[in-house]
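Enquirer: Chains as they are written, first to last, in this note's numbering: chain A, 1 to 245; chain B, 1001 to 1223; chain C, 2001 to 2224.
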Amino acid sequence: MERPGSTSQAWAIEIQGLTKSFSNKLALNGLDLEVSQGESVVIFGPNGAGKTTLIKVLATIMNPTSGTVLVDGLNVKHNAEEIRGRIGVVTHRTFLYSNLTAYENLEFYSRMYDVSGRKKRIHEVVAMVGMTSRLYDRVGTLSRGMQQRLSIARSLLHKPAIMLLDEPETGLDQQAIPMLWNALETEGERKRTIILTTHNLERGLEMGDRLLILNKGKIVYQGSRQALDLAGLKEAYQHSMRVRV
Amino acid sequence: MRFWHKAIAITWKDTLSEIRTREIIFSVLVFTLLVIVIFNFAFGTSQEMMALVAPGMLWVTFAFAGVLSLNRSFILEKEEGCLEGLMVSPISREAIYVGKMLGSLLFMLIIEAIALPIFAFLFNLPILSLQIVIITVLTTVGFVAVGTLFSALAVNTKAREMVLSILFLPIVAPIIICAVKASDSALSGEPWSSLFPWLRIIGAFDAIFLVVSFLIFAYVIEE
Amino acid sequence: MKETGIFRNTLLGLSFILFVGALYLIFVYVPTEEGMGIVQRIFYFHVPVAWIAFLAFFIVFLGSIMYLWKRESKWDVIASSSAEVGVIFTTLVLITGSIWAKPIWGAWWTWDARLTTALILWLIYIAYLLVRSYATHEQQAARFAAIVGIVGFVDVPIVALAITLWRTQHPSPVIFQGGLAPPMLLTLLVCLAAFTTLYSLLLIQRASIKNAEGEVGKLKELCS
């Protein structure tokens, strides 16, 4: 069911003491984070910092080892299915079936997300990402950039309140990015809450309201965009990479 | 109702993909024919010999064809992380299981529907009887019930096809035995009553493993 | 740690005594069976070992369920240790069965219902152990193995049923059937006790080694 994000909750995302460990490895180490409705948070960090793990926990496909994670007021451990209906997920893997056409893929996902008025909505999202001309082509014939755009369209079908983006710019053509960011950021009147992980420092600075640096499973730096300059953040980033946490 | 709507959507998606590429059905069918021909050379052509080995041959063929077809079912989901795409959607893991299982069931039944007449033709045996059809359908349900579970498991390991064969074949050994014996009785023209003991076991297997696989599936695909 | 040491040593001592007793009973005390002669004495190894093979798989089953439920590695350790010991015992079932069959029936393998079931059980054990080695990381290995453990255990009764039905339709040489005279029963029970004690000992030993390995792994990770 399509539903705009509930406005009664204080935070769109609330994380307390999140820890995630695998066999012998500690991926997330006592994370605390609060994200307001409509805020966009950009997360940097080296490989293995825990960015993808954090996204997976928020997307409810990984359970926290300990700690509480609330997405749109719902607990990831108990209300996973409901949360999934309210979030849109984009990663560097497109989740698209290459033998099917773009339209068929979107139709499939609109059924998965209980989207009403499927046909209309599919045309809407495809227009948002600028792919109307290729709607009936097989996904396998599309370029990587187009596939990623389609993936973004897929994630918007059910008008999610919260977007989780794990290095989504992989393969995207540069010119398309402002249009796509616009599609991701707003739905009609409302701003979506966005969590985005990236390797690209400059781009992240352009996009986020708040910036986070993650290293070895901990937040080592936080700051709002207005309060920082590029040079200062770069220095802080490099400094935290050198420091062992 | 949501559950079935989404499960069937998955089955339809798989069917659509298969119609486009004809990957599963074509390759498995060719494989089936090859096995039949090879067995034919191995066992000679005397009518008595054929009647003796036909049931076993039929079910060995279907078992191996089943492994092939089940494998491909989840390989499709591995590309571009589609399984993860399903997992972040508001669909229950059980609905994913049912959707994939029904898809595999459909494909296997189609393959068997094509292979059985070929068997009947090549070996001049009364294979196209209601008895054989019932045995085949029941056994295939059992294959697919367990096979879907294990193929989801195998696709995440290092040696997919091998893992699936090693896991799958011992577990379905009992219903293969029953299917062979029941087919043997059916081909000899025996009445339904002699089939019942075997069909009962296959039926029990189906019921038990549909339930068990349904319940455990979530544990296989979680991260 | 000390308490486990004492417990283990007790088990070791107990199993030693039981085995000495069992050997005496098997080779000196119990009279030779009429039909099969001396080779029948294998029965006193074969049956307990078969019992353990199934018991071990039951423990694998329980451990697997507990692991999927609680996600504590100690349950996975119990399940996998039991599987390792169990596969050895199942191999012994097949070997002793063959040794018994050869002089009696002239063939190493006779597709006897119980031996055939043991063979399938052996294959399921192997599948359990192989899945562990083919998984990509430890937690996945434990999880996948638990699934095989559960499905495999549920399957075994069906296997036994199907094979028994198959054999009643086509009777073939059976390894053993018939009643037990009191001295034979006593010998059998003592052997059963001896092997069960041995199984418990091996299980505890193997599990504690695995637990220690797990601890070492954790320490290594902390220090790196």
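Glycine included, C-beta positions come from ideal geometry on N, C-alpha and C.
Who pairs with A:ARG210 in a beta bridge, going by DSSP?
Expert: Taking the first residue of the first sequence as 1, we reach residue 210 of chain A at position 210. Partner(s): A:VAL41, A:SER224.
Enquirer: Ignore the nearest five residues each way along the sequence and tell me which others in A:ASN254's own chain have a CB closer than 8 Å to its CB.
Expert: Chain A is shown from 1 up to 245; residue 254 of chain A falls before or after that span and cannot be answered.
Enquirer: Would you mind telling me which residues of chain C sit closer than 9 Å to A:PHE22, beta carbon to beta carbon, in chain order?
Expert: Residue numbering aside, residue 22 of chain A sits at position 22 when the first sequence is read from its first letter. Within 9 Å Cβ-Cβ: HIS2137, GLU2138, GLN2139.
Enquirer: Look at the alpha carbon of B:SER1017 and the alpha carbon of B:GLU1223, and state the distance between them as a whole number of angstroms.
Expert: Position 17 of the second sequence holds residue 1017 of chain B. Position 223 of the second sequence holds residue 1223 of chain B. If I take the Cα positions, the gap works out to 26 Å.
Enquirer: So C:ALA2135 and C:ALA2141 are in contact, right, with Cβ under 8 Å, and what is the actual spacing, rounded?
Expert: Reading the third sequence from its first residue, position 135 is the one you call residue 2135 of chain C. Reading the third sequence from its first residue, position 141 is the one you call residue 2141 of chain C. Their Cβ separation, rounded to whole angstroms, is 4 Å, which keeps C:ALA2135 and C:ALA2141 in contact under 8 Å.
Enquirer: For the alpha helix (DSSP H) containing B:ASP1206, list its first residue and its last residue.
Expert: Indexing the second sequence from 1 puts residue 1206 of chain B at position 206. Taken as a continuous stretch (DSSP letters only), the alpha helix (DSSP H) holding B:ASP1206 covers 1192-1221.
Enquirer: Verify whether the separation of the beta carbon atoms of A:THR193 and A:ALA161 is less than 9 Å.
Expert: For the purposes of this step, residue 193 of chain A is taken as residue 193 along the first sequence, with counting starting at 1. For the purposes of this step, residue 161 of chain A is taken as residue 161 along the first sequence, with counting starting at 1. Their beta carbons are under 9 Å apart, which means A:THR193 touches A:ALA161 by this criterion.
Enquirer: Tell whether a beta-carbon distance below 9 Å holds between B:PRO1174 and C:ALA2050.
Expert: Indexing the second sequence from 1 puts residue 1174 of chain B at position 174. Indexing the third sequence from 1 puts residue 2050 of chain C at position 50. Contact: no.
Enquirer: What separation, rounded to the nearest whole angstrom, lies between the Cα atoms of C:PHE2016 and C:ALA2194?
Expert: Against the third sequence, residue 2016 of chain C aligns to sequence position 16. Against the third sequence, residue 2194 of chain C aligns to sequence position 194. C-alpha separation (whole angstroms): 8 Å.
Enquirer: In whole angstroms, what is the alpha-carbon distance linking A:GLY85 and A:LYS159?
Expert: Residue numbering aside, residue 85 of chain A sits at position 85 when the first sequence is read from its first letter. Residue numbering aside, residue 159 of chain A sits at position 159 when the first sequence is read from its first letter. Approximately 9 Å between the Cα atoms of the pair.
Enquirer: Does any residue of chain B have a CB that is nearer than 9 Å to the CB of A:ASN75?
Expert: On the first sequence, residue 75 of chain A is found 75 positions in, with the first residue counted as 1. No - not a single Cβ of chain B is within 9 Å of the one on A:ASN75.
Enquirer: With a CB to CB cut of under 8 Å and the five nearest residues on each side skipped, what residues in its chain are close to B:LEU1187?
Expert: For the purposes of this step, residue 1187 of chain B is taken as the residue at position 187 of the second sequence. Counting only Cβ-Cβ distances below 8 Å, and skipping sequence neighbours, we find ALA1051, ALA1054, PRO1055, LEU1125, PRO1126, ILE1127, ILE1132.
Enquirer: What separation, rounded to the nearest whole angstrom, lies between the Cα atoms of B:THR1011 and B:LEU1102?
Expert: For the purposes of this step, residue 1011 of chain B is taken as the residue at position 11 of the second sequence. For the purposes of this step, residue 1102 of chain B is taken as the residue at position 102 of the second sequence. Each residue's Cα considered, the two are about 6 Å apart.
Enquirer: I need the DSSP call for A:VAL76, collapsed to helix, strand or coil.
Expert: What you label residue 76 of chain A is simply residue 76 of the first sequence in a count that begins at 1. Coil, per DSSP.
Enquirer: Please report whether the beta-carbon of C:MET2001 lies at a distance below 9 Å from any beta-carbon of chain A.
Expert: Translated into positions along the third sequence, residue 2001 of chain C becomes position 1. Residue placement at C:MET2001 is flagged as unreliable, the pLDDT there being 47, under the threshold of 50; the coordinate-derived value follows with that caveat. No, C:MET2001 lies away from the interface with chain A (no Cβ there is under 9 Å from its Cβ).
Enquirer: Less than 6 Å between C-beta atoms, sequence neighbours within five positions excluded: which residues of the same chain meet that for A:LEU33?
Expert: Along the first sequence, one-based indexing puts residue 33 of chain A at 33. These residues qualify, in order along the chain: ILE15.
Enquirer: If distances are taken between C-alpha atoms only, which option among B:ALA1007, B:VAL1035, B:LYS1006, B:SER1069 comes closest to B:ARG1022?
Expert: Counting from one through the second sequence, the residue named residue 1022 of chain B turns up at place 22. Ranking the options by Cα distance to B:ARG1022, first place goes to B:SER1069.
Enquirer: Compare the C-beta of A:LYS56 against all C-beta atoms of chain B and say whether one is closer than 9 Å.
Expert: The residue labelled residue 56 of chain A in the question sits at position 56 within the first sequence. Answer yes: the Cβ-Cβ gap between A:LYS56 and chain B drops below 9 Å somewhere.
Enquirer: Would a check of beta-carbon distances place A:ARG225 closer than 9 Å to chain B?
Expert: Here residue 225 of chain A is taken as the residue at index 225 of the first sequence, counted from 1. Not closer than 9 Å to any Cβ of chain B, the Cβ of A:ARG225 fails to qualify, so no.
Enquirer: Please state if the CB of B:LYS1006 and the CB of A:ARG111 are separated by a distance shorter than 9 Å.
Expert: Along the first sequence, read from residue 1 onward, the residue named residue 111 of chain A stands at position 111. Along the second sequence, read from residue 1 onward, the residue named residue 1006 of chain B stands at position 6. Closer than 9 Å, so yes.
Enquirer: So for A:GLN175, helix, strand or coil by DSSP?
Expert: Locating residue 175 of chain A in the first sequence gives position 175, counting from the first residue. Looking at A:GLN175 - three-state DSSP - the assignment turns out to be coil, as it is neither helix nor strand.
Enquirer: Below 8 Å between beta carbons is the criterion; list the residues of the segment 2202-2221 of chain C that meet it against any residue of chain A, in chain order.
Expert: Residues GLY2217, LYS2218, LYS2220, GLU2221.
Enquirer: Can you list, in chain order, the residues of its chain whose CB lies under 8 Å from that of B:ILE1110, leaving out five sequence neighbours each side?
Expert: Against the second sequence, residue 1110 of chain B aligns to sequence position 110. Excluding residues within five positions, the ones whose Cβ falls inside 8 Å are ILE1025.
Enquirer: Along the chain, where does the beta strand (DSSP E) containing A:LEU12 start, and where does it finish?
Expert: As a working mapping, residue 12 of chain A is identified with position 12 in the first sequence. Correcting the residue type first, residue 12 of chain A is Ala in the shown sequence and not Leu. Taken as a continuous stretch (DSSP letters only), the beta strand (DSSP E) holding A:ALA12 covers 11-22.
Enquirer: Give the secondary structure of A:MET62 by DSSP, where H, G and I count as helix, E and B as strand, and everything else as coil.
Expert: Position 62 of the first sequence, counted from the start, is the residue given in the question as residue 62 of chain A. If DSSP states are grouped into helix, strand and coil, A:MET62 belongs with coil.
Enquirer: Name the one or two DSSP bridge partners that A:HIS166 has.
Expert: Residue numbering aside, residue 166 of chain A sits at position 166 when the first sequence is read from its first letter. A small correction: the amino acid at residue 166 of chain A is Asp; His does not occupy that position in the sequence shown. Answer is A:THR197.
Enquirer: Terminal residues of the continuous alpha helix (DSSP H) containing B:ASP1014?
Expert: As a working mapping, residue 1014 of chain B is identified with position 14 in the second sequence. Start and end: 1002-1021.
Enquirer: Out of curiosity, what's the CA-to-CA distance linking A:SER6 and A:GLY88?
Expert: Position 6 of the first sequence, counting from 1, holds the residue named residue 6 of chain A. Position 88 of the first sequence, counting from 1, holds the residue named residue 88 of chain A. Note that A:SER6 scores a pLDDT of 49, beneath 50, so its modelled location is shaky and nothing firm can be said.
Enquirer: Could you tell me how far apart the beta carbons of C:ALA2212 and C:ILE2078 are, in whole angstroms, since I believe they sit closer than 8 Å?
Expert: Here residue 2212 of chain C refers to the residue found at position 212 when the third sequence is read from its first residue. Here residue 2078 of chain C refers to the residue found at position 78 when the third sequence is read from its first residue. Contact doesn't hold; Cβ gap of about 14 Å is too wide.
Enquirer: Looking only at C-alpha atoms, which of B:SER1183, B:ARG1072, B:ALA1009 sits nearest to B:PHE1144?
Expert: By 1-based counting over the second sequence, the position of residue 1144 of chain B is 144. Going by the sequence as given, residue 1144 of chain B is Val instead of Phe. Cα-wise, what sits closest to B:VAL1144 is B:ARG1072.
Enquirer: In this structure, how does DSSP classify A:SER8 when only helix, strand and coil are distinguished?
Expert: Counted from its first residue, the first sequence places residue 8 of chain A at position 8. Confidence is the limiting factor: at A:SER8 the pLDDT is only 49, short of 50, which leaves the residue's position unreliable, though a coordinate-based value still follows. Here A:SER8 sits in coil by DSSP.
Enquirer: Quick one: is A:LYS25 near chain C, going by C-beta distance under 9 Å?
Expert: Numbered from 1 along the first sequence, position 25 holds the residue referred to as residue 25 of chain A. Closer than 9 Å to some Cβ of chain C, the Cβ of A:LYS25 qualifies, so yes.
Enquirer: How far does the alpha helix (DSSP H) with C:LEU2198 in it reach, from first residue to last?
Expert: In the third sequence, the residue the question calls residue 2198 of chain C occupies position 198. Run containing C:LEU2198: 2182-2223, per the alpha helix (DSSP H) assignment.
Enquirer: Buried or exposed: A:ARG244, going by 16 or more other Cβ atoms within 10 Å of its Cβ?
Expert: Stepping through the first sequence from its first residue, residue 244 of chain A is reached at position 244. Note on A:ARG244: pLDDT 46, under 50, position unreliable in the model; the coordinate value appears next. The residue in question, A:ARG244, is exposed, as its Cβ has fewer than 16 Cβ neighbours within 10 Å.
Enquirer: Which word fits A:TYR136, buried or exposed, when buried means at least 16 other C-beta atoms lie within 10 angstroms of its C-beta?
Expert: Translated into the one-based positions of the first sequence, residue 136 of chain A becomes position 136. Exposed.
Enquirer: Mind reading off the beta-carbon distance from C:VAL2085 to C:TYR2199? Whole number of angstroms is fine, and I expect it under 8 Å.
Expert: The residue labelled residue 2085 of chain C in the question sits at position 85 within the third sequence. The residue labelled residue 2199 of chain C in the question sits at position 199 within the third sequence. Indeed they touch by this definition, with Cβ atoms about 6 Å apart.
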